[in-house]
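Read through the structure below, which is laid out as structure tokens, and then see the notes.
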Amino acid sequence: MKDQNNKLFNRDMKQAISLAIKIKDQYDKSKNNPRDYSVLKSDFNDELYVDGGVVRVR
């Protein structure tokens, strides 16, 4: 019984480590490819403006 519990624990630990490595790799990939929001920013600048602390549409 104790041997079986050790095998389950080791398997679960390996799965957890594998998952953590996959998550870290995905994070690193997304960090290296920044998103380009310039088009969205220009659209907001063209369509929205602040008037007396209130956002208004042109």
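Mapping the sequence shown onto my numbering, position 15 (from 1) lands on 933, and the numbers just tick up by one. Ideal Cβ positions, reconstructed from N, Cα and C, are used throughout, including at glycine. Keep in mind it's a predicted model, so treat the numbers as computed, not measured.
Your pair Val957 and Glu965 does not check out as a contact, with CB atoms roughly 12 Å apart and the cut at 8 Å. CA-CA distance, Arg953 to Lys959, rounds to 12 Å.
When secondary structure is reduced to three states using DSSP, Arg929 falls in the helix class. Going by DSSP, Asp969 is part of the beta strand (DSSP E) stretching over Leu966 to Asp969. Counting along the chain, the unbroken beta strand (DSSP E) around Arg974 starts and ends at Val972 to Val975.
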